[in-house]
Amino acid sequence: MPEPEHAMIDLEQPSQARLYDLFLGGKNNFEVERQLFQELVKIAPEAPELARENRRWLAEVVGRMITDGGIGQFLDLGAGLPTRRNTHEIAAEADPLATVVYVDNDPTAISHGQALLADDRTSFFAGADLTDPAAVLGHPVVTAALDLNRPVGIILGLVLHAIPDTDRIERVIAEYLAAVPSGSYLALSHPLNPRDGSRLAEFSTAVEDKVREAFPQVMFRTRHEIAGFIAGLDLDKPGLVDLAVWWPGADQHLSPTGAAQLLLVALARKP
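With the working numbering applied, the sequence shown corresponds to residues 507 to 777, in that order.
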């Protein structure tokens with residue numbers, strides 16, 4: 507099997523990284539993603555705005571980690587394609603010396619990310635699979651850029667739903683957290699399906715089923731399952747909430763009864 511850095515880009519199969527790029531208004535996508543995008547928007551018209559609000563949430567938590575937590579280095583796992591307001595750009599606004607390492611195993615994301623950051627002295631891209639923490643943490647890009655004796659901001663933004671094994675995710679997160687010191691952070695966003703027969707569950711299932719036609723391993727999760735990923739950590743306010751609750755009323759761009767409920771977000775600190 508080819509190494510991630512050298513994997514071929516398959517234009518016949520949709521890519522989750524390219525699909526997310528399309529939802530954010532990017533141009534690094536192909537007809538196979540555009541068709542799926544149109545089908546998803548028919549079910550959830552707010553989905554593109556939800557993706558943009560997820561990026562706004564990312565900007566908020568990166569800023570908090572720097573200003574409130576003193577974090578100067580970040581590990582962005584499953585980072586996807588470079589897009590608007592990338593993590594390193596957000597971090598640089600608060601701390602020009604902040605270091606960011608992006609990790610992804612999508613061939614398109616790797617090629618674009620490495621090209622974008624080729625001349626950057628504080629931001630780097632490692633082609634690796636986030637579900638193999640030992641390989642990620644031992645990757646030469648990661649070992650050269652990050653000092654794991656100092657607190658790290660770990661980002662898992664809208665990526666864990668691509669991993670169907672919930673127990674495996676808990677083990678993977680535990681390994682990352684074990685490798686970083688007290689004061690490190692975990693920023694997490696994940697699609698919700700309450701699976702309780704409610705209208706929200708029906709809506710979420712319709713979206714989930716459509717996504718699974720292209721990506722069969724996708725798994726939306728219950729609040730209890732998602733909470734398990736941050737168990738034992740200290741939650742920042744307002745806790746594990748959907749995007750309609752995360753923002754104060756005046757700053758909320760999404761309807762509290764719409765698609766915003768489909769995405770749970772949290773920022774948590776390692777004691």
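We treat Cβ as the ideally placed atom computed from N, Cα and C, and that holds for glycine.
Practice task
Please determine, among Thr711, Trp563 and Ala750, the residue with the shortest C-alpha to C-alpha distance to aspartate 702.
Solution key: Thr711
Practice task
Compute the Euclidean distance between the alpha carbons of valine 678 and isoleucine 732, then round it to the nearest angstrom.
Solution key: 14 Å
Exercise for the section: Helix, strand or coil for histidine 730, going by three-state DSSP, please let me know. Expected result: helix
Problem - Nearest-angstrom Cα separation, counted from asparagine 699 out to histidine 618 - result: 32 Å
Handout entry: Per-residue DSSP class, three states only, for threonine 573
Key = helix
Exercise for the section: State the CB to CB distance for the pair threonine 637 and arginine 674, rounded to an integer number of angstroms; the pair is presumed to be in contact (CB under 8 Å). Expected result: 7 Å
Problem - Segments assigned alpha helix (DSSP H), at least 4 residues, entirely inside the segment 730-769 - result: 749-752
Problem - Where arginine 775 sits in the DSSP three-state scheme - result: strand
Practice task
Determine, using beta carbons only, whether serine 521 and glutamate 539 come nearer to each other than 8 Å.
Solution key: yes
Exercise for the section: Report buried or exposed for serine 629, applying the criterion of at least 16 other Cβ atoms within 10 angstroms of its Cβ. Expected result: buried
Handout entry: Exposed unless 16 or more other CB atoms sit within 10 angstroms - verdict on histidine 512
Key = Note on histidine 512: pLDDT 43, under 50, position unreliable in the model; no value is reported.
Handout entry: phenylalanine 485, DSSP secondary structure in three states
Key = Lying outside 507 to 777, the shown extent of the chain, residue 485 is not represented and no answer is given.
Problem - Identity of the residues DSSP links to leucine 698 by a beta bridge - result: Arg727
Handout entry: Minimum C-alpha distance to tryptophan 753 - residue among Trp563, Gln544 and Val547
Key = Trp563
Handout entry: Distance between arginine 627 and glutamate 714 (C-alpha atoms, nearest Å)
Key = 39 Å
Practice task
Return yes when the Cβ of glycine 644 is within less than 8 Å of the Cβ of valine 568, no when it is not.
Solution key: no
Practice task
Please name the residue or residues paired with threonine 605 in a DSSP beta bridge.
Solution key: Gln579
Handout entry: contact_flag[the segment 678-693, the segment 584-591] where n(CB pairs < 8 Å) is 3 or more
Key = no
Handout entry: glycine 644 (DSSP reduced to helix, strand or coil)
Key = coil
Problem - Simplified DSSP state of leucine 530, which is helix, strand or coil - result: coil
Problem - Pairwise C-alpha distance: glycine 755 and proline 510 - result: Because proline 510 carries a pLDDT of 45, less than 50, the predicted location of this residue cannot be relied on, and the following value inherits that uncertainty. Their backbone Cα atoms lie some 43 Å apart in a straight line.
Handout entry: N- and C-terminal bounds of the alpha helix (DSSP H) containing leucine 683
Key = 672-684
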